[in-house]
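**Student:** So for the first sequence, UniProt numbering puts the first residue at 1; every next one is plus one.
All C-beta atoms in this analysis are idealised placements derived from N, C-alpha and C, irrespective of residue type, glycine included.
Please read these numbers as outputs of a predicted model, since none were measured by experiment.
Below is the structure I would like to discuss, written out as structure tokens.
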Amino acid sequence: MQYWLMKSEPDEVSIDDALAAPGQTVPWTGVRNYQARNFMRDAMRVGDGVLFYHSSCAEPGIAGLAEVASTPYPDPTQFDPASKYHDPKATQEQPRWMLVDVRAVKKTPLIPLSTLRAQDELADMVILQRGSRLSITPVTPGQWRFITEQLMPRD
DNA sequence: GCCAACGTTGGC
DNA sequence: GCCAACGTTGGC
1 MQYWLMKSEP DEVSIDDALA APGQTVPWTG VRNYQARNFM RDAMRVGDGV LFYHSSCAEP
61 GIAGLAEVAS TPYPDPTQFD PASKYHDPKA TQEQPRWMLV DVRAVKKTPL IPLSTLRAQD
121 ELADMVILQR GSRLSITPVT PGQWRFITEQ LMPRD
């Protein structure tokens, strides 16, 4: 079991959108960075824990919990000329971009980026490093435990 | 393979 | 909208 943080722009897909989707599951389309793709293609397993992060918005931060819900498969948007994620160099025979489905588990009170930064225990989190822009990053078990047990209220 | 130019990310 | 940081592209 591994843990991940996955960024989504709430204008595109928010935690509420994901919870409202069929099966509370959305395909994680639009990733066009090789490192992030490789995490989905090579490292993720069904059931892995996901911190659902809202980025590029008024209040960036962790907005909910989710889990990896599928094995990797080609991102269909790469084949769609009408999509802004269209990749003319991708073919059905040789897809370039792979994704997984993500199932939203629950919405949580937003944990703002500033709160994450204020925690000594989270100093090593990848997204908090200077210049870090990667939209999918691994989270250590210790970081996961701290965030879910210390920064999220009990049900 | 180098590297300058350009594009993107994402917080502020 | 600004801009730092980083990734990608493409000429050589």
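#1: Look up Ser8 in the DSSP assignment and give the residues it is bridged to.
#2: Using the Cα positions of Ala66 and Val50, report the straight-line distance between them to the nearest angstrom.
#3: What first and last residue would you give for the alpha helix (DSSP H) that runs through Leu113?
#4: If you reduce the DSSP assignment to three classes, tell me which class Arg37 lands in.
#5: Report yes if the C-beta distance between Met6 and Leu99 is below 8 Å; otherwise report no.
#6: Quick check: Pro74 and Pro88, are their CB atoms within less than 8 Å of each other?
#7: If you draw a straight line from the C-alpha of Ser70 to the C-alpha of Tyr3, how long is it?
#8: Considering only residues of the same chain and omitting the five flanking positions on each side of Ser83, which have a CB-CB separation below 8 Å?
#9: What beta strand (DSSP E) runs, 3 residues minimum, are completely inside the region 58–98?
#10: What does DSSP give as the partner residue(s) for Pro27 in the beta ladder?
#11: What's the gap between the Cα of Val13 and the Cα of Gly30?
#12: Assign Val46 to buried or exposed, taking buried as 16 or more other Cβ atoms, counted over all protein chains shown, within 10 Å of its Cβ.
#13: Going by Cα to Cα distance, which pick from Pro72, Ile136, Gly64 is closest to Pro109?
#14: I need the DSSP call for Pro138, collapsed to helix, strand or coil.
**Tutor:** Taking the coordinates as given:
#1: His54
#2: In this structure, the CA atom of Ala66 is about 5 Å from the CA atom of Val50.
#3: 113–117
#4: helix
#5: no
#6: no
#7: It is roughly 15 Å from the alpha-carbon of Ser70 to the alpha-carbon of Tyr3.
#8: Thr77
#9: Entirely contained in the region 58–98, the beta strand (DSSP E) runs reaching 3 residues are, in chain order, 61–68.
#10: Asp101
#11: 11 Å
#12: Exposed, since its Cβ has fewer than 16 Cβ neighbours within 10 Å.
#13: Gly64
#14: It is a strand residue.
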